[in-house]
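Working notes, structure below.
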Amino acid sequence: MEILFALGMSLSSPGPSVHLLKDVIKTFEEDKLFSTTIFEKNFTINEITKIDNHINFPFKKTNKRLLFSRYTKEIHYLQEIIKYIEENHLTFDVVFVQSSPVAYILINYFKKNSKSKIVYNVQDIFPDNAMLLSQYSKLFLLPFLKKTLDAYNNSDLIITISDDMRDTLSSKGISKEKIVTIYNWAPKSEQIKKDNFNYFYQDERLANKFIVLYAGNIGRFQDVGTIIKAANLIKNDSIIFVVMGDGALSKNIAKRAKSNKNRNLVFLPPQSFGNMPLIYSSANVNIISLRRGVFKTALPSKLAFCLNAGKPIILSIENYSKIVRYFLNDESVTICEPENPNQLAQSIVNVHRTFVQNGFSSDIKTKNEAITSIISDKNYLKYKNAILRLLNL
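Using my numbering, you'd call the opening residue of the sequence shown number -6 and step up by one each time.
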């Protein structure tokens, strides 16, 4: 059987979804029943290049802030894929489409022009997530609502990454029967190796401090501003906040870090993706913060990385979200109300108190089998099993 993986990324460029797709693709490549083709972006070539079963399409990166330019290039990329398919008379039994703001173009094309089974991998729900930002965004993004709804309806199988996102899709009238939840996992090759090395102790400002870490995208969905406010509320010389990353609001956050009145906040640039497991494990507590309502449309990939790090986590998310059910009565994760700096500050103080009581040790390993199962590095097999069921195999 012929299966196409139409990706909106490059498998050779580091990123939070690369290991996920590599694991899923590999399990099909190793199965003699399937013949796989991979379409992906390439940021260094000027013409379409075929290497084994990988078809690389030239793609020039655009500043994330230039929305119109970004969407124009994404549309052109998918148009080039369609052109290539038609010129080479390619047919597929299954088409796996990675989530993208313009994925509807490819999904609707295959629905209209082929008998392919369409699998839509929804890592975030667009444009619902973007519409949380501002009225301007809503006006710009409204036309995408109908187009993406068509894409969901035209898909034979939708794989999403949280039960909350599954509920959001279901609320749009999409049948729950064709929506499967498979949580993201951390790459097996980068599991944490326990040793005495601490990434942060290379910086004299951080040596022998209790490290409160936020590492990741600094954008409008992450609510890093609440972390800055919480830092200003804590007056304990042994506690220091580290904000590490880049994004639409990174300059603003860096400026606020410099003016931090307690001088307990350090801003660091983004680090290589391969270093992130070590960085998360070097912190005393990792913060995963989301703006109100974001849990309905996305779930940070770093959740699996942080759980694997074996350190306490403070997760800022509404307590009625379904993901919270996995963390009830689990000492490794503290749930904190979004956009509440007072509660966040108190949660950090509580984790620090436990750290002192435990002999200045933050090492903690969840005993919750429900948590370990949802982030299992074998979750890629769930992708394959879902597709096999779709094909009645």
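C-beta: ideal position from N, C-alpha, C; glycine also. Predicted model, so just to flag it, every value in this text is computed and none were measured.
The continuous stretches of alpha helix (DSSP H) do not include residue 150, which lies in the beta strand (DSSP E) extending over residues 150 to 153. The C-beta separation of residue 111 from residue 148 comes to about 5 Å, placing the pair in contact by the 8 Å criterion. Proximity to residue 375 across 60, 7, 14, 1 peaks at 14, based on C-alpha coordinates.
Under the DSSP assignment, residue 19 falls outside any beta strand (DSSP E), being part of the alpha helix (DSSP H) whose first and last residues are 11 to 22. Non-local C-beta neighbours of residue 91 in its own chain, meaning closer than 8 Å and more than five positions away in sequence, comprise -2, -1, 0, 1, 2, 10, 14, 114, 116, ordered along the chain. The continuous alpha helix (DSSP H) containing residue 349 extends over residues 334 to 350.
When C-alpha distances from residue 134 are compared across 118, 146, 145, the shortest belongs to 118.
Here DSSP, grouped into helix, strand and coil, assigns residue 210 to strand. At a Cβ-Cβ threshold of 8 Å, residue 357 and residue 286 do not count as neighbours.
Take the alpha-carbon of residue 94 and the one of residue 100: they are about 12 Å apart.
For the options 240, 159, 209, 275, the alpha carbon positioned closest to that of residue 191 is the one of 275. Sequence-distant Cβ neighbours of residue 310 in its own chain, meaning closer than 6 Å and more than five residues away, are 283, 288.
Secondary-structure assignment with DSSP links residue 263 through no beta bridge to anything. Within the stretch 195 to 245, complete beta strand (DSSP E) segments of at least 3 residues are found at 203 to 210, 232 to 239, given in chain order. Within the same chain, 1, 93, 94, 95 come within 8 Å of residue 67 by CB-CB distance, once the 5 residues on both sides are set aside.
Rounded to whole angstroms, the Cβ separation of residue 211 and residue 278 is 18 Å, and the two are not in contact under 8 Å.
Cβ contact annotation for residue 297 (same chain, cutoff 6 Å, sequence separation greater than five): 177, 178, 179, 368, in chain order. Between residue 385 and the set 51, 346, 150, 234, the nearest pair of CA atoms involves 150. Runs of the beta strand (DSSP E) spanning 3 or more residues and lying entirely within the stretch 254 to 307 occur at 258 to 261, 278 to 282, in chain order. If you draw a straight line from the Cα of residue 312 to the Cα of residue 318, it is about 9 Å long. Scanning its chain for C-beta atoms nearer than 6 Å, with the 5 sequence neighbours on each side dropped, one finds around residue 221 the residues 249, in chain order. In this structure, DSSP gives residue 79 a helical state, which the three-state scheme calls helix.
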